[in-house]
Each structure stands twice: as C-alpha cells, then as structure tokens.
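Numbering (this note's numbering), first residue to last: 203 to 485.
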C-alpha cells in the first residue's frame, strides 16, 4: 500500500502493483505520505466506488520504484567550470586560501562538471497561469489554512506520485518548529520520499550539478535540505553531514544556506540548542 494522503482516522492509499485506490483503517498515526506499507488484511469491503480495508500494518519502507515507476527526465544544461564560475568564493583574499571551508576545496577539486535540470511534475499546473497547486498550498499555509494546504498537496500526490515538491512542503509542515521528535519523524519520511524520487532520475555515479538557478531542481534540493535538517534534529550527525555535503556538491552556490550550519553539524551540536541560540541573537 502506497500512502498518498494521511487523514484523521484513515489512510488514503494506492494498492500495489495495480495502483487501485483504497481507504485503509485503522492507522498507527505515524504514517506519512510516500510510505509503502505492508498490511495483513482482516476485513475488506466496497462501498459505492470506494474500496475499504481494515488490517494490521506490519512493515513500512520508502520505495523509489513504487513512487516513481517512470523516472523523471534529466536535462543537460551545459558545462560549468569552478575556475570561472566559482572563483569569487576563494579569490577574494589570496592570503586566506588555506582557511577556506573543506567543502569549497572539494568543489574546486572536482573540477569542471556539467549542469543538469530535473523534470518537475506538478499535477494541475497551467503553464499560462502564474500560480500552481504547490504555490497555492504554500499561500494557504501562510494564511493559516494548513488543513486546506495539506489537502491540496495530497491531491497532487494522488494524481502523480512523482511530485517531489508536494513531499517537500508536507515535510516542512510536519517538521514545524522541530520541537516534537514525533512530528520530525513524519517529516523525515516525506523528505525521504521526495529524495528517493529525485535520486531515481540520476544515473549511477552521477557527479554533475543540479543548480538552484535551474528552477525545476528546487523541489529535489528542498527535499534534500529538509532531510538533512531532520537527520540533524534526530541526532544522526553522520547522516546529516553526508546529506548536507551532497547538497553543497550539487549546488555549490548554496542557495539554501547549508554553509551556515555545516560546522554545527560536524561539531555534533544539538539542533534545538542551535535553534534557540540563533532565535535569540540580536539583530
């Protein structure tokens, strides 16, 4: 069962492999969109056009092939040379080159690479309209309409399970202020689903760039960033460091500001302690 919407007392799922919609009850409460559940059925019935199932959840996983049976396309956007395009980060002060962050040297040592842009899927988006369902959901959430935002994002996932940005936004709303470990673990699942879909689009051994400047890369980068924050919040510093390093190698311009927290992660600094300190810093 692939979860496409977590509701108050049930889960809206797709039964695999035929992807037939089904309502699953009861739920444990910790499930999240993008999870594949193993269920031992106890009772099933059909009412109208809707299938219902009562069963016991005995296992769960994030399954890239189930989420993205047809991988997203990857478009080559040309060459990139750090000597020409990244030089401002390390030539501003020649005397301090040895003090540059380790990740900057890793980017420079990687040498010229190619830039790519990942296909973005947003069901219901109209190219002639400035807003799409993801933008509308974000606006609803900012205005206090979080339930309506959830429903809109869930409809995107129901329509096409490859909508990475829907998982990234759901993860953000589940994460909240990061104080609740329970909600962070739900967020982690959403972010993992989004990352899994993006990773499935990349060839084995991919060493190219996915710059933020190519706008359709942003959902995957947001999902990676959220994954790293969840790993950090849950105390998995090694995993968080690996995720943040990958993000910096994919997008050396660091549009999400990972460079400001990577040292904290590498030092094993508690996420909530860091958050409290930064919130209380004078402007």
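The beta-carbon is built from N, C-alpha and C at its ideal position, and this holds for glycine as well.
- request: Tell me whether residue 249 sits in a helix, a strand or coil according to DSSP, three-state version.
  value: By 1-based counting over the chain shown, the position of residue 249 is 47. Looking at residue 249 - three-state DSSP - the assignment turns out to be strand.
query: For residue 278, which residues does DSSP report across the bridge?
result: Residue mapping note: residue 278 aligns to position 76 of the chain shown, counting from 1. Paired residues: 318.
message: Mapping the DSSP letters down to three states, classify residue 223 as helix, strand or coil.
response: Within the chain shown, the letter at position 21 stands for residue 223. In this structure, residue 223 counts as strand in the three-state DSSP scheme.
field: Distance CB(residue 432)-CB(residue 458) smaller than 7 Å
entry: Locating residue 432 in the chain shown gives position 230, where the first residue counts as 1. Locating residue 458 in the chain shown gives position 256, where the first residue counts as 1. Contact flag unset, no.
field: Alpha-carbon spacing of residue 425 relative to residue 310, whole angstroms
entry: Position 223 of the chain shown, counted from the first residue, corresponds to residue 425. Position 108 of the chain shown, counted from the first residue, corresponds to residue 310. A direct Cα-Cα distance of roughly 25 Å separates residue 425 from residue 310.
message: I'd like to know whether the C-beta atoms of residue 443 and residue 467 end up nearer to each other than 7 Å.
response: Mapped onto the chain shown, residue 443 falls at position 241. Mapped onto the chain shown, residue 467 falls at position 265. With contacts defined as CB atoms closer than 7 Å, residue 443 and residue 467 qualify as a contacting pair.
- prompt: Pick from 406, 410, 452: whose alpha carbon is nearest that of residue 500?
  reply: Outside the displayed span of the chain (203 to 485) sits residue 500, for which this structure offers no information.
query: Between the C-alpha atoms of residue 297 and residue 465, what's the straight-line distance to the nearest angstrom?
result: Working through the chain shown from its first residue, we reach residue 297 at position 95. Working through the chain shown from its first residue, we reach residue 465 at position 263. Below a pLDDT of 50, predicted positions are generally treated as unreliable, and residue 297, at 44, falls in that range; the measurement from the model is reported next regardless. When rounded, the separation of the alpha-carbon atoms in residue 297 and residue 465 is 22 Å.
- request: Could you give the DSSP three-state label for residue 215: helix, strand or coil?
  value: Counted from its first residue, the chain shown places residue 215 at position 13. DSSP places residue 215 in strand when its eight states are reduced to three.
message: Less than 7 Å between CB atoms is the rule here; does residue 374 satisfy it with respect to chain B?
response: The structure shown contains no chain B; it is built from a single protein chain.
- request: In the DSSP assignment, find the alpha helix (DSSP H) that holds residue 397 and state where it starts and stops.
  value: Position 195 of the chain shown holds residue 397. Its alpha helix (DSSP H) spans residues 383-403.
query: Hey, would you say residue 381 sits closer than 7 Å to residue 368, going by beta carbons?
result: Locating residue 381 in the chain shown gives position 179, where the first residue counts as 1. Locating residue 368 in the chain shown gives position 166, where the first residue counts as 1. Contact flag unset, no.
Residues that DSSP places opposite residue 262 in a beta bridge: Taking the first residue of the chain shown as 1, we reach residue 262 at position 60. Partner(s): 239.
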